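Below: the structure, in C-alpha cells.
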Amino acid sequence: MRDGVGMTRETLVGFVLAALLLAFPLVASAMDEPFYITLATRMAVLALAAVGLNLALGLGGLISFGHAAFFGIGGYVAGIFAAHAFNQEPIFSAPFEFMGSDRMPMIWLAALLISALAALPIGAISLRTSGVYFIMITLAFAQMIYYFAMSWPAYGGEDGLSILARNAFPGLNTANPLSLFLVCYGLLLVALLVFATVRNSRFGAALQAGRQNETRLAAVGIAPFSVRLVAFAISAAITGLAGALYADLNRFVSPSMLSWQMSGELIVLVILGGTGRLFGPLAGAMLFVLFESALGGLTERWQFFLGLILLGVVLFARGGLMGIVAGKVRHG
Amino acid sequence: MSTPLLIEQLLNGLQFGVMLFLMAAGLTLIFGVMGLINLAHGSLYMVGAFACAAVAAATGSFWLGLAASLAAAAAAGALVELVVVRRLYDRDHLDQVLATFALILIFSEGTRWLFGSFPLYLDIPATLSGAIQLPGGGRYPLYRLAIIGVGILVATGLYLLISKTRLGMRIRAGESDREMIAALGVDIRTLYTVVFALGAALAGLAGALVGALQSVQVGMGEPVLILAFVVIVIGGIGSIKGALVGAILVGLVDTLGRFLLPKLFSAFMGPAQGTTMGAAIASMLIYVVMALILAFRPRGLFAANA
C-alpha cells in the first residue's frame, strides 16, 4: 500500500539513516574513538525502545506515558539476573531452582516475556479508558513501579544496581564496544522488521483502523480492545528488550530508568522522528542523542534549549524529522 | 498505637489532601474548560515556591512572599497561555503532552539558571510557628492547620466563584459548549487566559505553602503534579467536586498507608521484613486505589459531562 512500486523517499531516507548509524561506529572504531561507538550504541538502544513505543503510539494511537515502566523492567531483568548469576544465589528455588543468568539471549527472552506479562494487566485496565485518561493512567502505573523500585531495598533501592561484568553473548566479546554496538544494531534491525511486518499485516490494519475510527472497526466485527491489548504487549516487550540492552550498555540499572522523565523522553524520540513512520524512531533517537551530546558539550543548560527545540517542533514542524526530509505520510 | 498519633496522622493526611486539591483544582478546571492537559502545572507550583522564598528572603516577610507567589504564578501562567498554550487547544492530546513537557524542561532549567542548583529555604511565619493541643494529649503544628484552613477557604471560594458569579457562569458555559458561548459575544480567548492564570495562581499558592514545610528546589513540582493527575483521574476529569473528594482520598490513603501498613505487615512477618514490605506497598498504595476505582468506574467518581 504505502510502498507501491519501487522505493518511496521515506524508505530511502530511512535506509540512509540506518547505513549512517552503522558506518559511524565503524569509522570511530578505525580511528580508535570508543566514546563515539558508545554514543552510537546509545542511539541504537534508544531507537529500539522507541520502535516499541511507536507500535502502540504511532500505529495504535495509544499515547502511553508509562513506557519507562517496561524499559525499566527490562533493565532490572538484566541487572537482577546478572547479580544472581554473579553471586551464585538462586532467584527462586521453588518449583525449580533458578540461578539467574549472565547470558544475553536468556536475559533478552526474559525481558521480552516479563515486560509483555506486565503490560497485560496494565493494558487491560488502562485500555478501558481512552484519551487523556489513558495518558494519565499509564503514567500512574509507571510511577507505581518506580516507587516500588525506590523503596524495595533488595536490589539497591534508590541507589540502583550495578552489573559488575557485562553479560555475555556466545561467540562475542561484549566488553568490546564495537561488538556490543553490533549486537544492539542487529536487534534494532530485527525490531524494525517486526514493526514493518506488523504494520502490513491484517492485525496491523485493524490496529490502525482502530486509531482512525473505532466505531467502524467494531462495526466490521473486530473488537478494538483485544487488538490494542496485544499491540500494547508487543510494544512493551520491544521496549523491555531495549531496557535490558540499556542496562548492559551502562552496566547499571536504577529507578531513573522507570521515571516519568524517561517516559517523556521516549515519546519525544517518537515525535522528533515522526509518529507512526517505520524509521521515525531511528531518526528521532539519532537526533536526540546528537542534540544531547552537542548541546551538552556547549552548555550545562542544554535541557533548556532542548525544551525550546522541542516546543518549536511541536508547534511548527508537525511531521517530525522524517516529515521534513521525506514529505507527508501518504494515506493509501 | 496511641489515639493522638492517629489523629496527628489523620490531620497530616488532610493537610496533604488539601495541598493536592489546590493543584488538582487548577488542572481539572483547565482541562474542563479548554480541554488541555497541562504537564507544566508542576512548574507553576515551583514558580510560586521560588517567588515566595525569594521575596521572603529579600523583605523578611512571609506574607509579602505569599502575595508574590500568587502574582508570579498567575503572571507566568498568563504568559505561557498567551505565547504557547493558546496554540494547543485545537491540537490532539499528544501535541499538548509534548509541548507542555518541553515547557517543564524550559522552566526547570530556567529556574536553575536564575537561582542555582542549591535548594532555598523558607521559614514558617512567626504568627503560625506554634503548635496547638490536640484532644487526647498530642500537639499539632499550627502552620499545618492553617494550610487545611486555606484549603477549605479556597474550595469554598471556588464553589462560590463558579456557581454564583458571572465569570463562573461563563466558565461553566465554556465547559459545555465553547462555540455557542463565543457566538453569544463572550470573549472566549480572554476567558481562557483568565482561567489559566487562575489555575496557575492556585498552583503557585500550593507551592508557596508547601515551600515552608520542605525545601524549595527545582523539580519539586513534578511529583506533586503526578499525584494531582491521580487525583483528577479518580475524581473525574473536569469536576471540581471530584478533585476535592479525590484529593482528600489520596491524601488520607497515602499518609495513613505509610503509617499503618508497616505496622500491619510487621504483625505478620516480623518487624524487619514487615516494615520494608509495608513501606514498599504503601508507596504504591494510591496507584492501586486508582486502578481499582478505574476498573469499576473508568471515567472517575464524578465524571463531568459524561
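Protein chains in written order, with this note's numbering: chain H, 78 to 409; chain P, 71 to 376. All C-beta atoms in this analysis are idealised placements derived from N, C-alpha and C, irrespective of residue type, glycine included. If you're wondering where the values come from, they're calculated on a predicted model, not measured in any experiment.
Practice prompt. Examine chain P for any beta-carbon lying closer than 7 Å to the beta-carbon of residue 249 of chain H, and answer yes or no.
Written response: Taking the first sequence and counting its residues from 1, one reaches residue 249 of chain H at position 172. For residue 249 of chain H, the answer is no, since every Cβ of chain P falls outside 7 Å of its Cβ.
Worksheet item: Any beta-carbon of chain H closer than 7 Å to the one on residue 310 of chain P?
Response: On the second sequence, position 240 is the one that residue 310 of chain P refers to. By this cut-off, residue 310 of chain P is not an interface position.
Discussion item. Cβ closer than 8 Å: which chain P residues qualify as neighbours of residue 311 of chain H?
Written reply: Locating residue 311 of chain H in the first sequence gives position 234, counting from the first residue. Those do not exist, as residue 311 of chain H stays about 20 Å from chain P at its closest Cβ, beyond 8 Å.
Fill in: Whole-angstrom distance between residue 238 of chain H and residue 99 of chain H, CA atom to CA atom
As a position in the first sequence, residue 99 of chain H is number 22, starting the count at 1. As a position in the first sequence, residue 238 of chain H is number 161, starting the count at 1. Near 30 Å, if we compare the C-alpha coordinates of residue 238 of chain H and residue 99 of chain H.
Fill in: Terminal residues of the alpha helix (DSSP H) in which residue 349 of chain P lies
Translated into the one-based positions of the second sequence, residue 349 of chain P becomes position 279. That run of the alpha helix (DSSP H) goes 341–366.
Item to complete: Compare the C-beta of residue 357 of chain P against all C-beta atoms of chain H and say whether one is closer than 7 Å.
Response: For the purposes of this step, residue 357 of chain P is taken as residue 287 along the second sequence, with counting starting at 1. With 7 Å as the cut-off, residue 357 of chain P counts as an interface residue toward chain H.
Discussion item. Counting only Cβ pairs nearer than 7 Å, list the residues of chain H close to residue 238 of chain P.
Written reply: For the purposes of this step, residue 238 of chain P is taken as the residue at position 168 of the second sequence. Within chain H, no residue comes near residue 238 of chain P; the closest Cβ sits about 23 Å away, beyond 7 Å.
Worksheet item: Which two residues bound the contiguous alpha helix (DSSP H) that contains residue 124 of chain H?
Response: What you label residue 124 of chain H is simply residue 47 of the first sequence in a count that begins at 1. 111–131 is the extent of the alpha helix (DSSP H) around residue 124 of chain H.
Worksheet item: Helix, strand or coil: how does DSSP classify residue 141 of chain H here?
Response: Here the question's residue 141 of chain H lines up with position 64 in the first sequence. Correct three-state label for residue 141 of chain H: coil.
Worksheet entry | Residue closest to residue 326 of chain H, alpha-carbon to alpha-carbon, out of H/261, H/359, H/110 | The residue you call residue 326 of chain H lines up with position 249 of the first sequence. Minimum Cα distance to residue 326 of chain H is reached at H/261.
Worksheet item: Shortest alpha-carbon distance to residue 219 of chain H belongs to which of H/368, H/339, H/363?
Response: By one-based count along the first sequence, residue 219 of chain H stands at place 142. It is H/339 whose Cα lies nearest to the Cα of residue 219 of chain H.
Worksheet item: Thinking C-alpha only, which one of P/76, P/163, P/258 is nearest residue 152 of chain P?
Response: What you label residue 152 of chain P is simply residue 82 of the second sequence in a count that begins at 1. Considering only P/76, P/163, P/258, the residue with the shortest C-alpha distance to residue 152 of chain P is P/258.
Discussion item. Run through chain P and tell me which residues come within less than 8 Å of residue 209 of chain H, C-beta to C-beta.
Written reply: Position 132 of the first sequence holds residue 209 of chain H. Residues of chain P passing the Cβ test: 101, 107, 163, 307.
Worksheet item: Would you report the Cα separation of residue 137 of chain P and residue 226 of chain H, rounded to the nearest angstrom?
Response: Locating residue 137 of chain P in the second sequence gives position 67, counting from the first residue. Locating residue 226 of chain H in the first sequence gives position 149, counting from the first residue. CA-CA distance, residue 137 of chain P to residue 226 of chain H, rounds to 39 Å.
Worksheet entry | Residues near residue 85 of chain P in its chain [Cβ-Cβ closer than 6 Å; skip 5 each side] | In the second sequence, the residue the question calls residue 85 of chain P occupies position 15. 214, 217, 218, listed in sequence order.
Worksheet item: Residue ranges of each alpha helix (DSSP H) run of no fewer than 4 residues wholly in the segment 131–207 of chain H, ordered along the chain?
Response: 145–164, 181–203
Discussion item. Counting only Cβ-Cβ distances shorter than 9 Å, please list the residues of the segment 345–360 of chain H near chain P, keeping chain order.
Written reply: 345, 348, 352
Worksheet item: Could you give the distance in angstroms between the alpha-carbon of residue 286 of chain P and the alpha-carbon of residue 267 of chain P?
Response: Indexing the second sequence from 1 puts residue 286 of chain P at position 216. Indexing the second sequence from 1 puts residue 267 of chain P at position 197. Computed Cα separation, rounded: 22 Å.
Worksheet item: Helix or strand or just coil, what does DSSP make of residue 309 of chain P?
Response: Counting from 1 along the second sequence, the entry for residue 309 of chain P is found at position 239. Coil.
Discussion item. Using only the alpha-carbon positions, how far apart do residue 282 of chain H and residue 267 of chain H sit?
Written reply: For the purposes of this step, residue 282 of chain H is taken as residue 205 along the first sequence, with counting starting at 1. For the purposes of this step, residue 267 of chain H is taken as residue 190 along the first sequence, with counting starting at 1. C-alpha separation (whole angstroms): 20 Å.
Practice prompt. Give the DSSP-derived three-state secondary structure of residue 245 of chain H in the structure shown.
Written response: Translated into the one-based positions of the first sequence, residue 245 of chain H becomes position 168. Strand, per DSSP.
Worksheet item: What is the DSSP secondary structure of residue 238 of chain H, counted as helix, strand or coil?
Response: By 1-based counting over the first sequence, the position of residue 238 of chain H is 161. Strand.
Discussion item. Give me the subset of the segment 171–186 of chain P whose CB atoms are less than 9 Å from a CB atom of chain H, sorted by chain position.
Written reply: 171, 172, 173, 174, 175, 176, 177, 178, 179, 180, 182, 183
Worksheet item: Does the count of Cβ pairs from the segment 141–156 of chain H and the segment 174–193 of chain H closer than 8 Å reach three?
Response: yes
Worksheet item: Along the chain, which unbroken stretches of the alpha helix (DSSP H) at least 4 residues long are found entirely within the segment 175–244 of chain P?
Response: The qualifying runs are 212–234.
Discussion item. Residues in the same chain with beta-carbon distance under 6 Å from residue 327 of chain P, minus the five sequence neighbours each way, listed in chain order, please.
Written reply: Taking the first residue of the second sequence as position 1, residue 327 of chain P is located at position 257. Excluding sequence neighbours, residue 327 of chain P sits near 352, 355.
Practice prompt. Check whether the Cβ of residue 287 of chain H lies closer than 7 Å to any Cβ atom in chain P.
Written response: For the purposes of this step, residue 287 of chain H is taken as the residue at position 210 of the first sequence. Contact of residue 287 of chain H with chain P is not assigned, every C-beta pair being separated by 7 Å or more.
Discussion item. Residues of chain P with CB closer than 9 Å to the CB of residue 140 of chain H, please, in chain order.
Written reply: As a first step, residue 140 of chain H is located in the first sequence; it is residue number 63 there, counting from the start. Within chain P, 162, 163, 164, 167 have C-beta atoms less than 9 Å from the C-beta of residue 140 of chain H, given in sequence order.
Worksheet item: Taking Cβ positions, are residue 323 of chain H and residue 90 of chain H nearer each other than 7 Å?
Response: The residue labelled residue 323 of chain H in the question sits at position 246 within the first sequence. The residue labelled residue 90 of chain H in the question sits at position 13 within the first sequence. Against a cut-off of 7 Å, the Cβ pair of residue 90 of chain H and residue 323 of chain H comes out as no contact.
Worksheet item: By the 10 Å Cβ neighbour count, where 16 or more other Cβ atoms means buried, how is residue 332 of chain H classified, buried or exposed?
Response: By one-based count along the first sequence, residue 332 of chain H stands at place 255. Counting Cβ neighbours within 10 Å, residue 332 of chain H comes out buried, since at least 16 surround it.
Discussion item. I need the DSSP call for residue 325 of chain H, collapsed to helix, strand or coil.
Written reply: For the purposes of this step, residue 325 of chain H is taken as the residue at position 248 of the first sequence. Residue 325 of chain H: helix per DSSP, three-state reduction.
Worksheet entry | DSSP-derived helix/strand/coil call for residue 154 of chain P | The residue you call residue 154 of chain P lines up with position 84 of the second sequence. For residue 154 of chain P, the secondary structure class from DSSP, reduced to helix, strand or coil, is coil.
Item to complete: Verify whether the separation of the beta carbon atoms of residue 125 of chain H and residue 265 of chain H is less than 7 Å.
Response: Your numbering for residue 125 of chain H matches position 48 in the first sequence. Your numbering for residue 265 of chain H matches position 188 in the first sequence. A contact, by the Cβ cut-off of 7 Å.
Discussion item. Looking at residue 179 of chain P: is its Cβ nearer than 7 Å to the Cβ of residue 165 of chain H?
Written reply: For the purposes of this step, residue 179 of chain P is taken as the residue at position 109 of the second sequence. For the purposes of this step, residue 165 of chain H is taken as the residue at position 88 of the first sequence. Not closer than 7 Å, so no.
Worksheet item: When the distance is taken between beta carbons, is residue 352 of chain H closer than 7 Å to residue 208 of chain H?
Response: Counting from 1 along the first sequence, the entry for residue 208 of chain H is found at position 131. Counting from 1 along the first sequence, the entry for residue 352 of chain H is found at position 275. In this structure, residue 208 of chain H keeps its C-beta atom at 7 Å or more from the C-beta atom of residue 352 of chain H.
Worksheet entry | Reduced DSSP category for residue 280 of chain P - H, G, I as helix; E, B as strand; rest coil | Taking the first residue of the second sequence as 1, we reach residue 280 of chain P at position 210. Three-state result, residue 280 of chain P: helix.
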